[in-house]
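Following: one structure in structure tokens, then a few remarks.
Residue numbers (the working numbering): 1 to 249.
The structure is reproduced here in structure tokens:
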């Protein structure tokens, strides 16, 4: 299911968080962690009433040496809230859900995408879209931006997904989007980051993300946003072959 040309964002969030009926429809078998397609009955804010969602339970996360166990679902939600505040890039509505078949986890609206269209095989997308995605990954310190994480829907909108490996305090940036390396930011994006840095200091973002990230992670996020908002800052260059994820799609 893809959202129509316009949909009620708040209604989708409410449906994801509150609808009591969740039916497991299937398992995404190529995922590193247990990831399920689920259906929520009687949803509002979509064209046909019911709502398909991607469910990532905390207990289905594979152990990692560098990210705390059971924290990836919270990072998914934190990325959505930050993107919603900034106004870019598009991330499907994502919430923490406690009452779910396999326990607490993240529920994210499912996007029916054009499978053959992703970052490395995209057509007709403005450069601004990819700059926003690339910049967002720098700010959240995304350790796994593959081309296939960029979905194009029937309305030609680009949605970005899979933000579990984010917000680490150490440099972790790995992405396929390096075409903007060395470029300065437009004034509009810098203003958005300035707003975010202020809100992370003592505003709504600090309150919302403080429930999902550690204090150190929140402070590192604020520093990255503030640094990128400064005049003269440029998009980073890759530092090694490790800077590009494999496989790239």
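Here a beta-carbon is modelled for each residue, glycine too, at the ideal position from N, C-alpha and C.
Residue environment: residue 150 is assigned as buried (16 or more neighbouring CB atoms within 10 Å of its CB, all protein chains considered).
The beta-bridge partner set that DSSP reports for residue 36 consists of 27, 55. Looking from the CA of residue 148, the closest CA among 26, 186, 25, 162 belongs to 162. For the set 210, 100, 110, 58, the Cα lying nearest the Cα of residue 52 is the one of 110.
Taking 8 Å as the upper bound for CB-CB distance, residue 25 and residue 37 are in contact here, some 5 Å apart. When beta bridges are read from the DSSP output, residue 158 appears opposite 152.
When the five nearest sequence neighbours on each side are left out, the beta carbons in the same chain lying within less than 6 Å of the beta carbon of residue 180 are those of 131, 134, 235, in order along the chain. In this structure, the CA atom of residue 223 is about 17 Å from the CA atom of residue 204. Annotated three-state conformation of residue 22 is strand, per DSSP. Here residue 33 is near residue 61, since their CB atoms are less than 8 Å apart.
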